[in-house]
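Student: The structure's right below; bear with me while I get my questions together.
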Amino acid sequence: MKKPIVLILVALALAMLVALVACDNNGPGADTTDGSASSTDTSSAEIDVDYISIIAADGTTDYQLVRADTASAEMVAEISDFYKALSQKFGVSFLSFRYTSDWLKPDDTPPDKEILVGETNREETRQVLEGLQEFDYAIAMVGSKLVICGGSDEATLQAMAYFTDNIMTGNTLELPENFSYICTSPPRILSYSPENYYYYEDVYTPELVINYVCSPAVDRTASKLAVNGKDYTAQANWEDGRVTLSSTTFEAGDYEVSLTLYDTNGNPYRHTQYFSCGDGSVMHLYKGEVHAHTSESDGEGTVEAAYAYARDVAKLDFFAITDHSNSINLNTYKNTHKPIADEYNNPGKYVTLYGYEQTYNISSGYYGHLNVLNTLTFTTRSINLTAFYKLMAKTAESIVMFNHPGYTWGNFIDFKYNKEVDKVLNLIEIKGSSYDLQYVLALTQGWHVSPIYNEDNHSANWGAASEACGYALAPALTRQNIVEAFNKNRTYTTTDGTLKIYYKINDEWMGARLDNPDKLEVSVSLSTQRPVGIGNIYLVAEDNIIVAQTSAGTDKTYEWNLTLSPDYDYYYVKVSNSSYWAVTAPIWIENRDLMNITDITQSLLVNDSGSNDYGVKVHITNSASKAMTDVTVSFYKSSLNGFNLKTTPFATVKLGTLNAGSSSSAETFTSYALASPRITAVVSGKLDGKTYADTSYTMLSPLYMTEVLPAMSAYNGVSTPFSYIELYNNSDTILDLSQYKLRYYSKAGAKAADLANNTWNLSGTIQPHSTLVVWFKTSTNLTVADFNAKFGTNLVEGSSILVLTRTKVLPTSNAVQIELVLGSTVVNRIWYNWGDSKVDVKNNKAITFDYNHMYVQTSVMTSSSATPTPGSISQGQVPTAVTK
């Protein structure tokens, strides 16, 4: 097709048949489609220029749109949107307008009529790209092909934007046969906040900041800032390299920010971003994992492959690689891991986070493993847990997670609480029901953590090893919104990957802190795609006490609403059936701690004809400014897994009125049962018509380790001659030691075979409320008489001393964890060289332990430099012996 064009200067027009129109010679709105140039000469002429029709007025076309087969996922999405915009603009049928990649079979020839977008493998694209810098872009006809490309993906996006705004303006798409538009060194955006699609929760006057680079300078008379089409150019603060809009209040809703920059040479750049404002009443559940490894540490595959696999195969919404910090360094973390995570991060579609795993082992405290996310503050296990907590507490942007907690890998000194780091230690990795007791203990010790599932992948199956996953509750799928979900404890863990749980109390989402509410309006909405259905639903309070439950059976959707009084410190939801298990974050109740249990102590009733020999005394305080009435203590006996509050207590003690600031106690006696060693006390009292309550529990045990001597000087040429562990029978009956064994963990993560190889089987008996010394004899030349002579004792073999021969000696180096096991149940545990105390073992010095009053079977070390006293105990090491 030929069209007449009036040219200002005939000679110049003839020379410009190749219509080079550089953007740095055209200002805003310049006409780039008619091959015009300008001069002061007023002479003119009319010539014919050949035009190529790409899309006709009736929407017909012989062209196909082609992208690179190797294009990134983001570019594929952007080019797809561009293709749709072209089709809609000109009314093209998707059937007649093909969209494809540049891949060809061997010996195939590409069609003549193509719209080549991005860095395709076509020769025409190569010609146009030649000479373009990173941020330059071009639109050109090369033969019969239309090329739209830039020196980078970002530049190609600008080329498409320019094409949309300035060329797709008529009712047909046609260009001069030698059309060429080249934009060199345009302005460009360096960064902006908030990130794209970010949702401001309960913030309606946001600060929008866009940082740019522009040379020589921005033309502020031509540049424009708009939000949802409304011009805010005048309200914005324009500085060199920055535009800020910060004093404008928006209503709840979704917003498009459009910034069009022109430099003083007329080069344009269009930037668009989106944000939302709202009250957070509508939330979405996003599926993901934040603990996985690559070949950078002890996993497989590359970091890039992991992020791509989790997105494309596992179909996760969010994901993080967290290689062991002892396997990488700050340079690798900062310059490899974070940039790759940033590259794959795609707000609204796929969120990537970056982090590392702080990996303590048997030689560095055996604390456990922790993930660190969302910060460049980097450390390794060369610092102890106390120092690590201190460092993280100062790193406000960080998200810290307890990884796979338990006695196999470490559980952070039985989750010893640290108030300062609690504000950033927000997550706990809970991988199914076997981790339930660790979750309970963490919450009981005071941590504000929420559960999330991670596969901890060490194979190249990131996010796809099982259907179990974690969910984060957030208003939008952006990195910052996911981080905020972690900060606000809005997560849950589930082995049913389809289980959706929306949990609220008083219209506040899971993870909320409620300030002294009068009542609790609980709302739980659940759905699953699994045929087995939802199953049983429990509302669980502190210390794993079930306060309410219902059954959804095989229903796939269920709504549960109930009203409760706010008696306990927190409440969370647990779901279980024959196949699946899930648990949510708690909702915490604050500023109601007026009735408090301060301690629980035990005693042992001796020489009693009955079976209720185990005494439990609970110590309570009224912290209110008024007297509490109807103060009652109820005692419950249960397994480690807790109990239902509807269970009848085995004992109830009524204390009546407890004055303000006063303390009291209540005691009861019960029997020991291996299946139900936990004794829970629930205390309640009334004040001004309201009930205030508290709960705590202690663990009974029939046998304790009270003293250990790991290292001694040589005796008659024998090294480590008299190492021993002292046992105490905390019962009123003779115990058969053949049912018991001692074992220790030779490494973090020790498996069953490792434990079997480091187990001592016991034999004989131990008398009631008496001690027995287990001697690890290392030489046949030594006798019990030698042992007694060394320590000044009168121990008798078969009665008060058990001699183990041809056996492993007690470990002296690295962290040591020894468990006393009855059948398959741990009834007592001791640590030395553990945690921050790496040098507990001293030659000829005993390590002594007291029984633990609350929560755990791990005894409390009282000294690592004690004079050895095999066969005798001190007050406090075991429950006090009493008589009636």
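The sequence shown begins at 141 in the working numbering and counts up by one. For glycine and all other residues, C-beta sits at the position ideal for the given N, C-alpha and C. Predicted, not measured: the structure shown is a model, and the values here were computed from it.
1. Could you tell me if Gly508 is buried or exposed, where buried requires 16 or more neighbouring beta carbons within 10 angstroms of its beta carbon?
2. Is the segment 529 to 546 touching the segment 494 to 512 in the sense that three or more CB pairs, one from each, lie closer than 8 Å?
3. Report yes or no: do the segment 651 to 666 and the segment 699 to 709 share at least 3 C-beta pairs separated by less than 8 Å?
4. Output needed for Glu335: all residues of its chain with C-beta closer than 7 Å, excluding positions within five of it in sequence on either side, in chain order.
5. Taking its Cβ as the centre, do 16 or more other Cβ atoms sit within 10 Å of Gln725, making it buried, or is it exposed?
6. Using 8 Å for Cβ pairs, my map puts Pro591 next to Tyr632. What's the rounded Cβ distance?
7. Let me make sure I understand the geometry here. Which of Glu379, Asp380, Thr384 has the alpha-carbon closest to that of Tyr372?
8. How is Phe459 classed by DSSP in three states: helix, strand or coil?
9. Could you name the residues of the same chain whose beta carbon sits closer than 7 Å to that of Thr404, not counting the 5 residues immediately before and after it, in chain order?
10. Short of 6 Å in beta carbon distance, which residues of its chain neighbour Thr1009, apart from the five on each side in sequence? Order them along the chain.
11. Looking at Asp753: is its Cβ nearer than 8 Å to the Cβ of Ser805?
12. Using C-beta distances below 8 Å, list every residue in its chain close to Ile568, excluding the 5 sequence neighbours before and after it, in chain order.
13. Helix, strand or coil for Glu661 per DSSP?
14. At what residues does the beta strand (DSSP E) containing Met852 begin and finish?
15. Three or more C-beta pairs under 8 Å: does that hold for the segment 236 to 251 against the segment 196 to 208?
16. In angstroms, rounded to a whole number, what distance separates the CA positions of Thr899 and Met735?
17. Measuring only the C-alpha atoms, how far is Thr923 from Asn934?
18. Would the beta-carbon of Leu315 fall within 8 Å of that of Tyr409?
19. Is there contact here, the segment 679 to 686 with the segment 824 to 836, by at least three beta-carbon pairs under 8 Å?
20. Take Glu597 as the anchor and find which of Tyr864, Ala460, Ser953 has the nearest alpha-carbon.
21. Would you please state the rounded distance, in angstroms, between the beta carbons of Asn954 and Ile906? I believe it to be under 8 Å.
22. Determine the burial state of Ser841: buried for a count of at least 16 other Cβ atoms within 10 Å of its Cβ, exposed for fewer.
23. Restricting to Cα atoms, I'd like to know which of Ala764, His477, His759, Lys826 is closest to Glu807.
24. For Ser292, collect the residues of the same chain with a Cβ closer than 7 Å to its Cβ; drop the 5 residues on either side in sequence, then sort them by chain order.
25. Using 10 angstroms around the beta-carbon of Asp976, count the other beta-carbons present and answer buried if the total reaches 16, otherwise exposed.
26. Alpha carbon to alpha carbon, how far is Val216 from Tyr484? Give it in angstroms, no decimals.
27. Can you name the start and end residues of the alpha helix (DSSP H) that Gln375 belongs to?
28. Take every Cβ of the segment 439 to 459, pair it with every Cβ of the segment 598 to 617, and state whether three or more of those distances are shorter than 8 Å.
29. Distance check for Gly406 and Ala376, CA to CA, integer angstroms please.
30. Got a sec? Which residues, its chain only, sit under 7 Å from Phe528 by beta carbon, not counting five neighbours each side?
31. Is it buried or exposed for Asp305, if we count other Cβ within 10 angstroms and need 16 for buried?
32. Determine which residues share a DSSP beta bridge with Gly546 and list them.
33. Excluding five sequence neighbours on each side, which residues of the same chain lie with their C-beta closer than 6 Å to the C-beta of Phe415?
34. So for Glu259, helix, strand or coil by DSSP?
35. Hey, Leu962 and Leu814: beta-carbon distance below 8 Å or not?
36. Given a threshold of 16 other Cβ atoms within 10 Å of its Cβ, counted over all protein chains shown, does Thr820 qualify as buried or as exposed?
Tutor: Once the coordinates are examined:
1. Counted from its first residue, the sequence shown places residue 508 at position 368. Flag for Gly508 reads buried.
2. yes
3. yes
4. In the sequence shown, the residue the question calls residue 335 occupies position 195. Correct list, in chain order: Pro487, Thr618, Arg619, Gln620.
5. In the sequence shown, counting from the first residue as 1, residue 725 sits at position 585. The identity of residue 725 in the sequence shown is Ala, whereas the question assumes Gln. Buried.
6. Residue numbering aside, residue 591 sits at position 451 when the sequence shown is read from its first letter. Residue numbering aside, residue 632 sits at position 492 when the sequence shown is read from its first letter. Indeed, because the Cβ distance is near 6 Å, the residues count as touching under 8 Å.
7. On the sequence shown, residue 372 is found 232 positions in, with the first residue counted as 1. That would be Thr384, whose Cα lies nearest to the Cα of Tyr372.
8. Looking up residue 459 in the sequence shown gives position 319. Note: Phe459 maps to strand in three-state DSSP.
9. Taking the sequence shown and counting its residues from 1, one reaches residue 404 at position 264. If we look at Thr404 and ignore the five residues flanking it on each side, its Cβ neighbours are Pro356, Ala357, Asp359.
10. In the sequence shown, residue 1009 corresponds to position 869, counting from 1. Cβ neighbours of Thr1009 beyond the five flanking positions: none.
11. Taking the first residue of the sequence shown as 1, we reach residue 753 at position 613. Taking the first residue of the sequence shown as 1, we reach residue 805 at position 665. Result no, Cβ atoms of Asp753 and Ser805 do not sit closer than 8 Å.
12. Your numbering for residue 568 matches position 428 in the sequence shown. So the qualifying residues of the chain are Met541, Phe542, Pro545, Gln578, Tyr579, Ala582, Trp587, Val589, Ser590, Pro591, Ile592.
13. Position 521 of the sequence shown, counted from the start, is the residue given in the question as residue 661. Strand, per DSSP.
14. One-based indexing of the sequence shown puts residue 852 at position 712. No beta strand (DSSP E) holds Met852; DSSP gives it neither H nor E.
15. yes
16. As a first step, residue 899 must be located in the sequence shown, where it is residue number 759. As a first step, residue 735 must be located in the sequence shown, where it is residue number 595. Answer to the nearest angstrom: the Cα atoms are 44 Å apart.
17. Along the sequence shown, read from residue 1 onward, the residue named residue 923 stands at position 783. Along the sequence shown, read from residue 1 onward, the residue named residue 934 stands at position 794. Spanning the two alpha carbons is a distance of roughly 13 Å.
18. The count along the sequence shown starts at 1 and reaches residue 315 at position 175. The count along the sequence shown starts at 1 and reaches residue 409 at position 269. No, Cβ-Cβ distance for Leu315 and Tyr409 is not below 8 Å.
19. yes
20. Against the sequence shown, residue 597 aligns to sequence position 457. Contrary to the premise, residue 597 reads as Asn rather than Glu in this sequence. Nearest of Tyr864, Ala460, Ser953 to Asn597, Cα basis: Ala460.
21. Counting from one through the sequence shown, the residue named residue 954 turns up at place 814. Counting from one through the sequence shown, the residue named residue 906 turns up at place 766. Going by Cβ atoms, the distance from Asn954 to Ile906 rounds to 30 Å, so no, they are not a contact pair.
22. Residue mapping note: residue 841 aligns to position 701 of the sequence shown, counting from 1. Label assigned to Ser841: buried.
23. By 1-based counting over the sequence shown, the position of residue 807 is 667. If we check each option's Cα against that of Glu807, His759 comes out closest.
24. Within the sequence shown, the letter at position 152 stands for residue 292. Excluding sequence neighbours, Ser292 sits near Glu274, Phe275.
25. The residue you call residue 976 lines up with position 836 of the sequence shown. That one is exposed.
26. Indexing the sequence shown from 1 puts residue 484 at position 344. Indexing the sequence shown from 1 puts residue 216 at position 76. Rounded to the nearest angstrom, the two C-alpha atoms are 13 Å apart.
27. As a working mapping, residue 375 is identified with position 235 in the sequence shown. From DSSP, Gln375 is part of no alpha helix (DSSP H); its letter is neither H nor E.
28. yes
29. The count along the sequence shown starts at 1 and reaches residue 376 at position 236. The count along the sequence shown starts at 1 and reaches residue 406 at position 266. Roughly 21 Å separates the two Cα atoms.
30. Within the sequence shown, residue 528 is the residue found at index 388, counting from 1. So the qualifying residues of the chain are Gln498, Thr519.
31. Here residue 305 refers to the residue found at position 165 of the sequence shown. Its Cβ having fewer than 16 others within 10 Å, Asp305 is exposed.
32. The residue labelled residue 546 in the question sits at position 406 within the sequence shown. Per DSSP, Gly550.
33. Residue numbering aside, residue 415 sits at position 275 when the sequence shown is read from its first letter. Answer for Phe415: Pro334, Tyr338, Tyr395, listed in chain order.
34. As a position in the sequence shown, residue 259 is number 119, starting the count at 1. The answer is coil: DSSP assigns Glu259 none of H, G, I, E or B.
35. By one-based count along the sequence shown, residue 962 stands at place 822. By one-based count along the sequence shown, residue 814 stands at place 674. In this structure, Leu814 lies closer than 8 Å to Leu962 by Cβ.
36. What you label residue 820 is simply residue 680 of the sequence shown in a count that begins at 1. With 16 or more other Cβ atoms within 10 Å, it is buried.
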